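K.L.:
The structure is given below, and queries will be raised subsequently.
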Amino acid sequence: MRRSKAVSLLIFLAAIPATLWLGMRLEGRWYYLTCTLVIIETMLPFFLAFETRKPQARELVLLAVMCALAVASRVVVLIPNFKPTTAIIMLTGIALGPEAGFMTGAIGAFASNFFFGQGPWTPWQMMAYGFGGFLAGIVFHGKKRPKPVLLAVYGFFMILLVVGPLLDCCTLFTTGSRLTWRFAATVFSLGFFYNLKHALACAVTMLLAGKPLLEKLERLVKKYGMMDARKER
Amino acid sequence: MASDAFSNCHPATNAVFFAGAIGFTVVLQHPLYIAASCVAGATYYLLLKGRRGMGMVLGLIPVFAVLSLVNPLFNTYGQRVLFTVWGNPYTLEALCYGMAIAGMFAAMMLWFGCYSAVLTSDKFICLFGRLIPAISLLLVMVLRMIPNLQRRARQILGARAAIGKGISGAAGTKEKVAGGMRVLSALTDWALEGGIVTGDSMRSRGYGSGKRTSFRLYRMTVQDWALMAAFAALAAATILAGGTEAAYTPTLSIAAPGWGLAAYGLYLLLPSMLHGKETLQWFISISKI
Numbered sequence: 002m003r004r005s006k007a008v009s010l011l012i013f014l015a016a017i018p019a020t021l022w023l024g025m026r027l028e029g030r031w032y033y034l035t036c037t038l039v040i041i042e043t044m045l046p047f048f049l050a051f052e053t054r055k056p057q058a059r060e061l062v063l064l065a066v067m068c069a070l071a072v073a074s075r076v077v078v079l080i081p082n083f084k085p086t087t088a089i090i091m092l093t094g095i096a097l098g099p100e101a102g103f104m105t106g107a108i109g110a111f112a113s114n115f116f117f118g119q120g121p122w123t124p125w126q127m128m129a130y131g132f133g134g135f136l137a138g139i140v141f142h143g144k145k146r147p148k149p150v151l152l153a154v155y156g157f158f159m160i161l162l163v164v165g166p167l168l169d170c171c172t173l174f175t176t177g178s179r180l181t182w183r184f185a186a187t188v189f190s191l192g193f194f195y196n197l198k199h200a201l202a203c204a205v206t207m208l209l210a211g212k213p214l215l216e217k218l219e220r221l222v223k224k225y226g227m228m229d230a231r232k233e234r
Numbered sequence: 057m058a059s060d061a062f063s064n065c066h067p068a069t070n071a072v073f074f075a076g077a078i079g080f081t082v083v084l085q086h087p088l089y090i091a092a093s094c095v096a097g098a099t100y101y102l103l104l105k106g107r108r109g110m111g112m113v114l115g116l117i118p119v120f121a122v123l124s125l126v127n128p129l130f131n132t133y134g135q136r137v138l139f140t141v142w143g144n145p146y147t148l149e150a151l152c153y154g155m156a157i158a159g160m161f162a163a164m165m166l167w168f169g170c171y172s173a174v175l176t177s178d179k180f181i182c183l184f185g186r187l188i189p190a191i192s193l194l195l196v197m198v199l200r201m202i203p204n205l206q207r208r209a210r211q212i213l214g215a216r217a218a219i220g221k222g223i224s225g226a227a228g229t230k231e232k233v234a235g236g237m238r239v240l241s242a243l244t245d246w247a248l249e250g251g252i253v254t255g256d257s258m259r260s261r262g263y264g265s266g267k268r269t270s271f272r273l274y275r276m277t278v279q280d281w282a283l284m285a286a287f288a289a290l291a292a293a294t295i296l297a298g299g300t301e302a303a304y305t306p307t308l309s310i311a312a313p314g315w316g317l318a319a320y321g322l323y324l325l326l327p328s329m330l331h332g333k334e335t336l337q338w339f340i341s342i343s344k345i
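Protein chains in written order, with the numbering used here: chain A, 2 to 234; chain B, 57 to 345.
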């Protein structure tokens, strides 16, 4: 436990500033590489903490199920581009905690790209979805179960303002010759409509399936005492 | 795809090659280096995918054109003004820069396409299985469960259709969404219950009670070491030879390429050459029979 914390601290205090410093000093198009490296370095402590804690079999399987469910859920609704994925990731974060939300988002994004093709977007997707699950856990985990309407509003704005723009950043960094405000505004406004669709799908899923899914997960946690083990330790 | 020689190499060799190829492609903005990367990437992609790969390669041409033409709208630096758009100058230098960026983007897409085909999930797990055992196991389970859950979702849809609750293509958006959410709910129950059984089964078989061993299909051969050495030498030559500097705006200044370009080209073409060599050997061995 202690060693992983030391390594995480080292990453945040030394590796990330060093990467940024190096990236700023080099001329040319190093910003995509710099940003991607920073993103990977930001994710490392989460993975490290998960790994060193030696998760139990039940916990591993539960996380795997939620990841797979998030990815597979796109075949459930017969409307193209209606993806309940993000809503499921956020619900996992709410029911099982921020760390579980992060792992579900990041691993889910990584695994789904084995089917849809890895690309320059992979680290950004892992970060965006992982962060979405993590934040939802920070805000709602361990409190009274939030109302579906609140969840829907939260999910809608979270995607529109945080998850979506994070995904657009990848487009911004890979296709622009010079980072200008005008170019950034164009990329974000082009992405806005896509994000709006994504956010609406999330809000609808939260509204209709938020309560049953949370109930199922909470029941599981209560019945089998999952995810509590590490609090006792 | 199994017939590709480089794909049969050790995953570490593949990972080293792609790290170098994608890293160089993202960073080097000299036009000739970009062209080399595009050509080598397209060659290897077509060798891997055969005729089916043509769609992707041809599809990148309009992407290239759009990105090249759009970029100068946002980058107004440069001296030779071609015309003005909405009061902003559209310069030749910015157009060249746009083409370079578009070329880099196309090359990157090609190399990532090759990466996805060569470094499959089993190879990724072979590489990282010992370093991060829990996350690798999680990934393996997720990769198995995704098709599994999709199949189950279709089963649930079919079962609902059989009791008259099916969703036809003509159904309204509201019905589709509401029906989909019911399926999602049922699928969640099914998957979670199954997960608990799997977890208990794993525990009773001793998961977590000792150090995990891992199954490995690949072994570092002499060829792998030779390839690794060649990659290292050629990458070093590319960096040390220089001649990779190129600036587009405000004025074009492109360094004359030296032998570094040859080293870079050779680096990128090694997997394709390996593929060619194996094919040649195959035909020679056939003609002997």
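Idealized CB from N, CA, C, for every residue including glycine.
This structure is a prediction, so every number in the text was calculated from the model and none was measured.
#1: Would you call the CB atoms of G236(B) and V72(A) closer than 8 Å?
#2: Kindly list, in the order they appear in chain A, the residues whose Cβ is closer than 9 Å to that of D178(B).
#3: May I ask you to verify whether the stretch 116 to 135 of chain B touches the stretch 156 to 172 of chain B, counting CB pairs closer than 8 Å and requiring at least 3?
#4: Using 8 Å as the threshold, is the C-beta distance between L218(A) and A69(A) below it?
#5: Got a sec: is the Cβ-Cβ distance from S74(A) to anything in chain B below 8 Å?
#6: Which same chain residues end up closer than 6 Å to Y100(B) when comparing Cβ atoms and leaving out the 5 residues on each side of it in sequence?
#7: Helix or strand or just coil, what does DSSP make of S309(B)?
#8: DSSP state of F271(B), grouped into three classes?
#9: Per DSSP, which one or two residues make a beta bridge with F139(B)?
#10: Apart from the five residues on each side of it in sequence, which residues of its chain come closer than 7 Å, Cβ to Cβ, to P99(A)?
#11: What's the gap between the Cα of N82(A) and the Cα of V83(B)?
#12: Using a C-beta cutoff of 8 Å, does A234(B) count as contacting chain A?
#13: Report the neighbours of Y225(A) on chain B: residues whose CB is nearer than 7 Å to its CB, in chain order.
#14: Do you know offhand how far S257(B)'s Cα is from G79(B)'s?
#15: In terms of DSSP beta bridges, what is A302(B) paired with?
#16: Determine, using beta carbons only, whether G111(B) comes closer than 8 Å to chain A.
#17: With a cut-off of 8 Å on the beta carbons, I'd call I181(B) and L194(B) a contact; round off their distance for me.
#18: Give me the chain A residues within the contact set of N131(B), using Cβ-Cβ distance strictly less than 9 Å, ordered along the chain.
#19: So that I know if they touch, is there some Cβ in chain B lying closer than 8 Å to that of Q126(A)?
#20: Under 8 Å, CB to CB, which of the residues in the stretch 236 to 251 of chain B have a partner in chain D?
#21: Considering Cα atoms alone, identify which of L208(A), A200(A), Q119(A), T172(A) is closest to L191(A).
#22: Could you tell me the alpha carbon to alpha carbon distance between R234(A) and Q119(A), rounded to whole angstroms?
#23: So, with DSSP's three-state summary, where would you put P67(B)?
#24: Please report the straight-line C-alpha distance between A210(A) and R238(B), rounded to a whole angstrom.
#25: Does F161(B) come within less than 8 Å of chain A when only Cβ atoms are used?
#26: Looking at the structure shown, is R208(B) part of a helix, part of a strand, or coil, going by DSSP?
#27: First and last residue of the alpha helix (DSSP H) that includes D60(B)?
#28: Report yes or no: do the stretch 63 to 72 of chain B and the stretch 276 to 296 of chain B share at least 3 C-beta pairs separated by less than 8 Å?
#29: Beta-carbon within less than 8 Å of R208(B)'s beta-carbon, same chain only, minus the 5 sequence neighbours each way: which residues are those?
#30: Of all the options T229(B), S192(B), Y133(B), L175(B), which has the alpha carbon lying nearest to the alpha carbon of P145(B)?
#31: Among K224(A), E52(A), G133(A), T105(A), which has the Cα closest to the Cα of L64(A)?
#32: Output needed in chain order: residues of the stretch 46 to 61 of chain A with a Cβ under 7 Å from some Cβ in chain B.
#33: Can you give me the Cβ contacts of G24(A) inside the same chain, cut-off strictly under 6 Å, excluding the 5 residues immediately before and after it?
#34: When the Cα of G321(B) is compared with those of R259(B), M164(B), A77(B), L102(B), which residue comes out closest?
#35: Among K224(A), R183(A), L208(A), T187(A), which has the Cα closest to the Cα of P85(A)?
#36: Should T277(B) be labelled buried (16 or more other beta-carbon atoms within 10 Å of its own) or exposed?
P.N.:
Judging by the given coordinates:
#1: no
#2: The premise fails here: D178(B) is roughly 10 Å from chain A at the closest Cβ pair, so nothing lies under 9 Å.
#3: yes
#4: no
#5: yes
#6: C170, P327, S328
#7: The DSSP-derived three-state label of S309(B) is strand.
#8: coil
#9: Answer by DSSP bridge pairing, in chain order: Y146(B).
#10: Short of 7 Å from the beta carbon of P99(A), and not among the five residues preceding or following it, lie these beta carbons of its own chain, in chain order: F135, G138, I139, H142.
#11: 33 Å
#12: yes
#13: Near Y225(A) (Cβ distances below 7 Å), the residues of chain B are I252.
#14: 43 Å
#15: I310(B)
#16: no
#17: Rounded, the Cβ-Cβ distance is 11 Å, inconsistent with contact.
#18: Ordered by position in chain A, the residues that pass the 9 Å Cβ test against N131(B) are G177, S178, R179, T181, F184.
#19: The beta carbon of Q126(A) sits no closer than 8 Å to any beta carbon of chain B.
#20: The structure shown contains no chain D; the protein chains it does contain are A and B.
#21: T172(A)
#22: For R234(A), the predicted model reports a pLDDT of 40, less than 50, meaning its position is unreliable and no value from the coordinates is stated.
#23: helix
#24: 8 Å
#25: yes
#26: helix
#27: Careful: D60(B) lies outside any alpha helix (DSSP H) and carries neither H nor E.
#28: yes
#29: L243, W246, A247
#30: Per the Cα distances, Y133(B).
#31: Of the candidates K224(A), E52(A), G133(A), T105(A), T105(A) places its Cα closest to the Cα of L64(A).
#32: F48, F51, E52, K55, P56, Q57, A58, R59, L61
#33: In its chain, beyond the 5 residues on either side, W31, T35 have a beta carbon closer than 6 Å to the beta carbon of G24(A).
#34: A77(B)
#35: L208(A)
#36: exposed
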